[in-house]
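According to this note's numbering, the sequence shown holds residues 1 to 317 in order.
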Amino acid sequence: MFKKNRPKPALAHSDSVENNNVVKRQNVPPSPVSPISKASLQFHCQLAHGSPTVFVSGFSNVKELYQKIAECFDFPASEILFCTLNTYKADMKKLLGGQIGLEDFIFAHRKGRPKEVELVKSEDALGLTITDNGAGFAFIKRIKEGSVIHNIPHIQVGDHIEKLNGEVMVGKRHFEVAKILKEIPKGETFTIRLIEPMKSGFNSIAPKSNSRGGSKKSNYGTGRETLRFKAGGNAEIEEKDDVMDVGVEKINSILESFLGINDEELATRIWETAMGKTNSMDFADAVDNSDLEELGFTDDLVIELWGAITDARDGRI
1 MFKKNRPKPA LAHSDSVENN NVVKRQNVPP SPVSPISKAS LQFHCQLAHG SPTVFVSGFS
61 NVKELYQKIA ECFDFPASEI LFCTLNTYKA DMKKLLGGQI GLEDFIFAHR KGRPKEVELV
121 KSEDALGLTI TDNGAGFAFI KRIKEGSVIH NIPHIQVGDH IEKLNGEVMV GKRHFEVAKI
181 LKEIPKGETF TIRLIEPMKS GFNSIAPKSN SRGGSKKSNY GTGRETLRFK AGGNAEIEEK
241 DDVMDVGVEK INSILESFLG INDEELATRI WETAMGKTNS MDFADAVDNS DLEELGFTDD
301 LVIELWGAIT DARDGRI
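Structure (C-alpha cells):
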C-alpha cells in the first residue's frame, strides 16, 4: 500500500505491555523551548545498590550521561546497565528514556553477577519485551506471565542479554536482539548469558521526594520542564507536552505489540517524524526516507502508528 517492497513483520504479535491509564486531553501546540541552558543543570545521582550522592551535568544524550556518572564514581561507563528515575529499584516503569524532568533524581544500576541459562524454545514466543539503555546494552523490560521465560526463575526483569548461543549482543539494538530470539526455531535448545544489575544494599531508603531534603530547585519554576534528548544527539529544555507524552506512550505500546521492543526515544522519533504530516501516505514516506527505514515497518504497523498519532492529536486518547 505505502511501499511496494515493504517487508513482512520481522516479529509477530508476541508480547504486550501494561499501559498507564490516560485521560482525554485537548490538542495544544508544542510549548516553547525554555531559555535555561542545559550546561547549567545539575542532577542528583546515586548508584542504585548504594553510594554517596553526586551531581551530574553537562550532557546532551544518554551516552554522555553515563560517562558523567562513571567519572563521578570512578569506573568505566560500560559498567552501567540502565538508569531509573526517583527510585533505586529496578522498576521498569521508572526507566530513564528520552527525557529527564528537571526535578528527577537519577539512580544508576551497575553490572552485577553474570549467569548462563540453557533452555528449550518450547513456544514460538518466549514472552519477552526487550529495551536497551541507549549505549549498546539490550535488557529485559518485561516477562509475560505464563510464558516460557516466566517459568525460569534465574531470568529476571532488568537482566542484560550479553550473549545468545555464544554470539555477543553488546552493541546491538533491542530490535536486533529481539529478532535473533524470534528466529530461533521452535523446539531448539539455546543458551542465553545474562548480567543482572547489582542488588541494593539499603532497602530502607525510599524514593526521593521532589523536595530533596529542602534543596528543591525553585529556579526551574513550575516543575513541568524536562530535558528532552533529541535524535540528533542534542538535548533541549521544554515545557512538558501532555499531548506528545500521550502519543509517545501509545506509540511505544504498539511497538511492543508488533516488535516486542520498548524504546521511548524511538517512539519520540516516530512522533517527531509525523510532525507536519496530514495523512498516512506522507507519514509513510517520511518514515521510509529516514533512518527508521532500517526497522522494516510493515504497512499494518505504519497504519497503527498513524492512528495512534492522530488519536493523540485530536484528544481521543
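Just so it is clear, CB atoms sit at the ideal spot from N, CA and C, and this is done for glycine as well.
Asked                                                                                                                                                                     : Found
Are there 16 or more other CB atoms within 10 angstroms of the CB of Pro197, so buried, or fewer, so exposed?                                                             : buried
Alpha carbon to alpha carbon, how far is Ile290 from Gly296?                                                                                                              : For the record, residue 290 in the displayed sequence is Ser; it is not Ile. Cα to Cα, Ser290 sits roughly 11 Å from Gly296.
Report the rounded CA-to-CA distance for Leu81 versus Gly50, giving the unit in angstroms.                                                                                : 15 Å
State the beta-bridge partners of Gly101 as determined by DSSP.                                                                                                           : Thr226
Taking only the alpha-carbon atoms, compute the straight-line gap between Ala48 and Ala90 and give it to the nearest angstrom.                                            : 8 Å
Under 8 Å Cβ to Cβ from Glu225, same chain only, skipping five residues before and after it: list those, please.                                                          : Ser34, Ile36, Gly101, Leu102, Ile237, Glu238, Glu239 and Lys240
Just tell me which of Lys182, Val302 and Lys93 has its CA closest to the CA of Asp263.                                                                                    : Lys93
Excluding the five sequence neighbours on either side, which residues of its own chain have a C-beta within less than 7 Å of the C-beta of Lys163, listed in chain order? : Met169 and Arg193
Over the uninterrupted beta strand (DSSP E) stretch that includes Gln67, give me the two end residues.                                                                    : No beta strand (DSSP E) contains Gln67, which is instead part of the alpha helix (DSSP H) from Val62 to Phe73.
Tell me the DSSP secondary structure of Arg113 in three-state form.                                                                                                       : strand
For Val62 and Ala135, which I take to be in contact (beta-carbon distance under 8 Å), what is that distance rounded to the nearest angstrom?                              : 6 Å
Let me know the secondary structure DSSP gives Ala138 once reduced to three states.                                                                                       : strand
Tell me the rounded alpha-carbon separation between His109 and Thr84.                                                                                                     : 8 Å
What residue range is occupied by the uninterrupted alpha helix (DSSP H) comprising Val259?                                                                               : Inspection of the sequence shows that residue 259 is occupied by Leu rather than by Val. Its alpha helix (DSSP H) spans residues Asp242 to Leu259.
Going by beta carbon distance, what residues of the same chain come within less than 7 Å of Lys115, once the five residues before and after it are set aside?             : His154, Leu194 and Glu196
Closest to Ser122 by CA distance: which of Ile270, Gly146 and Arg113 is it?                                                                                               : Gly146
Compare the beta carbon distance of Ile251 and His174 with 8 Å and say whether it is the shorter of the two.                                                              : no
Got a sec: is the Cβ-Cβ distance from Met169 to anything in chain D below 8 Å?                                                                                            : No chain D appears in the structure shown, which is made up of a single protein chain.
If you drop the 5 nearest sequence neighbours on each side, which residues of the same chain put their C-beta closer than 6 Å to that of Leu41?                           : Ser57
What is the DSSP secondary structure of Val157, reduced to helix, strand or coil?                                                                                         : coil
What did DSSP end up calling Leu41 once you bin it into helix, strand or coil?                                                                                            : coil
Using DSSP with H/G/I as helix, E/B as strand and the rest coil, what is Lys163?                                                                                          : strand
Pull up the CB-CB distance for Leu95 and Ile106, whole angstroms please, since I reckon it's below 8 Å.                                                                   : Going by Cβ atoms, the distance from Leu95 to Ile106 rounds to 11 Å, so no, they are not a contact pair.
For Ile180, which residues of its own chain have a beta-carbon under 7 Å away from its beta-carbon, when the five flanking residues on both sides are left out?           : Leu164
Could you tell me which of Phe73, Thr53, Phe43 and Pro52 sits nearest to Phe59, measuring between CA atoms?                                                               : Phe43
Which same chain residues end up closer than 8 Å to Ile152 when comparing Cβ atoms and leaving out the 5 residues on each side of it in sequence?                         : Val117 and Leu119
Give me the DSSP bridge partner(s) of Lys193.                                                                                                                             : According to the sequence displayed, residue 193 carries Arg and not Lys. Beta-bridge pairing links Arg193 to Glu116 and Lys163.
Should Met244 be labelled buried (16 or more other beta-carbon atoms within 10 Å of its own) or exposed?                                                                  : buried
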